[in-house]
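Heads up: the protein sequence lines correspond to chains A and B, in order.
With the numbering used here, the residue at position 69 of the first sequence is 69, and numbering never jumps.
So the mapping is simple: the numbering used here equals the position in the second sequence, first residue as 1, plus 117.
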Amino acid sequence: EAQVTQNPRYLITVTGKKLTVTCSQNMNHEYMSWYRQDPGLGLRQIYYSMNVEVTDKGDVPEGYKVSRKEKRNFPLILESPSPNQTSLYFCASSRDTAFYANTGELFFGEGSRLTVL
Amino acid sequence: QKEVEQNSGPLSVPEGAIASLNCTYSDRGSQSFFWYRQYSGKSPELIMSIYSNGDKEDGRFTAQLNKASQYVSLLIRDSQPSDSATYLCAVNMGDMRFGAGTRLTVKP
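If you want it as structure tokens, here you go:
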């Protein structure tokens, strides 16, 4: 089954404790992206990747890191989480790309709800 | 500033009625437009894409695009309670930009 898998789905942590949210897709998509979703603000892009070893900042990259060492995996790293990073996070992938971004359908993971105390 | 704006709602319609969802965007050069549906507690899923001015129909859903007015809309005919969800407008502005979403409730 074609899917984007995120882990963990739910996490409660404390300020400053490093954490990683993993994302894996089995569709051989080149484009992958991370979004956060907050009430009233919609989906905001954190980072995206056009291909292996190619990543770029989205709208809200502060406090986050990513890496793309393999095509299928795109982990999101919070080096020192803070309460304002409490949010619902979505990883997404897409088959279609132009030279600067995806151009087609985004396939989303099930989401990871993160609470930072 | 790259922005996508949606009528914030919430929108409530009776079963069988037409639901109309609207979206405007700031980047006049945008070429790709999408509507995603998101059920409560679930991830967004694509329901419509539109690239040319005019209407595009898929079953009970019709997407409308007017690039001159920088306006995209989604019409849902014969609305069903199962259509109750948040609808997200997305515009490719070099990166994919999402509106805040409109929550639709279809009452039996």
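All residues carry an ideal CB built from backbone N, CA and C; glycine is no exception.
Here the structure is a predicted model, which means the values were calculated and not measured.
Quick one: is residue i buried, meaning 16 or more other Cβ sit within 10 Å of its Cβ, or exposed?
{"i": "A185 of chain B", "result": "exposed"}
{"i": "N209 of chain B", "result": "buried"}
{"i": "P161 of chain B", "result": "buried"}
{"i": "R125 of chain A", "result": "Residue 125 of chain A lies beyond the range of chain A shown here (1 to 117); nothing can be said about it."}
{"i": "N102 of chain A", "result": "Per-residue confidence for N102 of chain A stands at a pLDDT of 49, beneath the threshold of 50, marking its modelled position as unreliable; the derived number appears in the next sentence. The residue is buried, with at least 16 neighbouring Cβ atoms inside 10 Å."}
{"i": "A2 of chain A", "result": "exposed"}
{"i": "M27 of chain A", "result": "exposed"}
{"i": "Q37 of chain A", "result": "buried"}
{"i": "I167 of chain B", "result": "buried"}
{"i": "Y204 of chain B", "result": "buried"}
{"i": "P131 of chain B", "result": "exposed"}
{"i": "V121 of chain B", "result": "buried"}
List the residues of chain B whose Cβ lies closer than 9 Å to the Cβ of residue i, in chain order.
{"i": "G111 of chain A", "result": "G158, K159, S160"}
{"i": "Y48 of chain A", "result": "D212, M213"}
{"i": "L11 of chain A", "result": "Ordered by position in chain B, no residue passes the 9 Å Cβ test against L11 of chain A, which lies about 16 Å from the chain."}
Determine the chain A residues that contact residue i at a beta-carbon separation under 7 Å, and present them in chain order.
{"i": "S199 of chain B", "result": "Within 7 Å Cβ-Cβ: nothing; S199 of chain B doesn't reach chain A, min ~20 Å."}
Going by DSSP, what residues sit across from residue i in a beta bridge?
{"i": "D38 of chain A", "result": "A:G42"}
{"i": "P131 of chain B", "result": "B:K224"}
{"i": "Y10 of chain A", "result": "A:R113"}
{"i": "E122 of chain B", "result": "B:T141"}
{"i": "D56 of chain A", "result": "A:Y48"}
Taking C-beta pairs closer than 9 Å, name the residues in chain A that residue i reaches, listed in chain order.
{"i": "L182 of chain B", "result": "Near L182 of chain B there are no residues of chain A at all, since even the closest Cβ is about 16 Å away, more than 9 Å."}
Along chain A, in chain order, which residues have C-beta atoms closer than 8 Å to that of residue i?
{"i": "M165 of chain B", "result": "Those do not exist, as M165 of chain B stays about 11 Å from chain A at its closest Cβ, beyond 8 Å."}
For the putative contact between residue i and residue j, defined by C-beta atoms under 8 Å, what is the C-beta separation to the nearest angstrom?
{"i": "A136 of chain B", "j": "G42 of chain A", "result": "Their Cβ separation, rounded to whole angstroms, is 19 Å, which puts A136 of chain B and G42 of chain A out of contact at 8 Å."}
{"i": "V116 of chain A", "j": "T20 of chain A", "result": "Contact flag wrong, Cβ pair sits at about 14 Å."}
{"i": "G104 of chain A", "j": "S94 of chain A", "result": "6 Å"}
{"i": "L128 of chain B", "j": "L191 of chain B", "result": "At roughly 11 Å, the Cβ-Cβ gap does not stay under 8 Å, so L128 of chain B and L191 of chain B are not in contact."}
List, in chain order, every chain B residue whose beta-carbon is nearer than 8 Å to that of residue i.
{"i": "Q3 of chain A", "result": "The premise fails here: Q3 of chain A is roughly 11 Å from chain B at the closest Cβ pair, so nothing lies under 8 Å."}
Legend entry - Under 7 Å (Cβ pairs) to chain B, residues found in the segment 57 to 85 of chain A: Taking 7 Å as the upper bound on Cβ-Cβ separation, chain B lies near residues G58 of the segment 57 to 85 of chain A.
Inset, instruction - Pull out every residue of the segment 22 to 33 of chain A whose Cβ sits closer than 8 Å to any Cβ of chain B, in chain order. - result: Here the close residues are S33.
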